[in-house]
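Numbering (numbering that gives the first Met the number 0), first residue to last: 0 to 331.
Encoded as structure tokens, the structure appears first; notes follow it.
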Amino acid sequence: MAEAVALVELWRSGMVESRHRGHAVICDGTGAVLDAWGDPGAVIYPRSSVKMIQALPLVESGAADAAGLDDAELALACASHEGAPVHVTLVAAWLDRLGLSEADLLCGAQPSRDRAERRRMLLAGEAPSQLHNNCSGKHAGFLTLARHLGAGSDYNDPGHPVQRAIRAAFEAVTGQPSPCLGIDGCSAPNFATTMHGLARAMAVFANARPDAAEPRTRAAARLTGAMLAHPDLVAGEGRACTELMRAMDGRVAVKTGAEGVFVAILPDRRLGVAVKIEDGATRAAEAAIAGLLIRLGVLDPDHPATLRRLGGPIRNWRGIVTGEIRLAPGFG
């Protein structure tokens, strides 16, 4: 079994100060590995990088159509949003239309990650709610599916029909049984898979077309399209997912996950990409996915969104350039 390899380095004054090791895989539509660094068989928790997979049963079951969900709401179902007013308002309206409320969510309250909104709330003495949780859109999707299935409200239980449907979809698109599950930050199950399985799943989405015969394939295409149409809802202003998708003019969907996971869906190239940084560093995951997107010819290395993650100068508080983040030799 291969080990993690150096993917990203932090340079300061001509010396490598830090080195991030990890795994990366690129898959085509057949599920074949086109390129890999580290171990394609490494088992990981994909965390929030797989929210589009978790939303598959919502769409393929007919629940999304029955609830009248539009692309903005489907993008929120795939999102790790920052709890800005636009995100909170849309999720609240979605729940209200179903006759539900913030109290029905099971994700937990989280402070807004939008700086202006967080400051406003602090000054106003307003407590954060579950709507501000970065996973509130995903959980609104869970509630929508649970209602459609006539299932109970404890939708985070791994034995609940919602989670059983998600696991079935997850194992189908990864092409392998999940060996275990963990509980995510939002209290929902997170099914483990290999790096190969994660990249294969993203390739399934990349090859999905809206006119396909299979409901799951149409659902994958619809969710990918929703993410591409609403990059601002998938994350938020200043966030890597939003900025990188905008930089690629809606041609590639990307999604981060906690603990150094990042994925990409390339419909034009029909490729799926998965990255996992062994030490969980977000900065390294962002740099690594940017490097692979440059390698695949879909991201401009000189775009400001790229340079904020890879190759651009790191400055100290006085504006002095102190270093830069680079790809490790042999990667990207």
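The beta carbon of each residue, even a glycine, is placed where N, CA and C say it ideally should be.
Beta-bridge analysis with DSSP links ALA23 to TRP36 and VAL274.
Within the region 50-76, the complete alpha helix (DSSP H) segments of 4 residues or longer fall at 50-53, 55-59, 62-65 and 70-76, listed in chain order.
Secondary structure note for ARG114: its alpha helix (DSSP H) is the uninterrupted segment 114-123. Here SER17 carries a strand assignment [DSSP, helix/strand/coil]. The beta-carbon distance between ILE276 and GLY30, rounded to whole angstroms, is 24 angstroms. This is too long to meet the 8 angstroms contact definition.
Looking at the backbone, the Cα of ALA198 and that of TRP10 are separated by about 29 angstroms. ASP267 has its alpha-carbon roughly 40 angstroms from the corresponding atom of ILE319.
The alpha-carbon separation between LEU57 and GLY151 amounts to approximately 16 angstroms. DSSP places TRP10 within a strand segment (E or B) once states are collapsed to three.
By the CB criterion at 8 angstroms, LEU295 and ALA289 fall outside the cutoff. PHE261 sits in a strand when the DSSP states are folded into three classes. Three or more Cβ pairs closer than 8 angstroms define a contact, and the region 296-316 meets that threshold against the region 237-257.
When DSSP states are grouped into helix, strand and coil, PHE190 belongs to the strand group. Looking from the CA of SER177, the closest CA among ILE43, ALA3 and LEU73 belongs to ILE43. In this structure, DSSP gives PRO303 a helical state, which the three-state scheme calls helix.
Residue pairing by DSSP places LYS254 opposite VAL262 in a beta bridge.
PRO160 carries a helical assignment under DSSP once its states are collapsed to helix, strand and coil. If you draw a straight line from the Cα of ALA76 to the Cα of ASP34, it comes to about 30 angstroms.
Counting other Cβ atoms within 10 Å of its Cβ, ASP183 reaches 16 or more and is therefore classed as buried. Of ALA287, GLU258 and PHE141, the smallest CA-CA separation from LEU94 is found for PHE141. Between the C-alpha atoms of GLY37 and ARG221 there is a straight-line separation of about 32 angstroms.
Cα atoms of PRO157 and ARG163: separation of roughly 7 angstroms, rounded to the nearest angstrom.
Taking C-beta atoms as the reference points, ALA102 and ALA327 fail to come closer than 8 angstroms. Counting only the Cα atoms, GLY249 lies some 32 angstroms from GLY181. Only residues of its own chain outside the window of five on either side were considered, and among them GLN129, ASN132, CYS134, SER135, HIS138, CYS185 and SER186 have a CB closer than 7 angstroms to the CB of CYS106, listed in chain order. A residue is called buried when at least 16 other Cβ atoms come within 10 angstroms of its Cβ; LEU270 meets this threshold and is buried. Your pair VAL7 and ALA257 does not check out as a contact, with CB atoms roughly 17 angstroms apart and the cut at 8 angstroms. For PRO312, there is no enclosing alpha helix (DSSP H); the residue is part of the beta strand (DSSP E) that begins and ends at 312-314. Contact check for HIS195 and VAL24: beta-carbon distance about 6 angstroms, within the 8 angstroms limit, so the pair qualifies. At the C-beta level, ILE324 and ALA286 come within 8 angstroms of one another. Each of ALA108, ALA171 and ILE293 was checked against the Cα of GLY331, and the nearest Cα belongs to ILE293. Counting only runs of 3 or more residues that sit fully inside the region 176-243, the beta strand (DSSP E) segments are 180-182 and 188-190, in chain order. In terms of CA proximity to GLY61, ARG215 leads the group LEU243, ARG215, GLN175 and ALA228.
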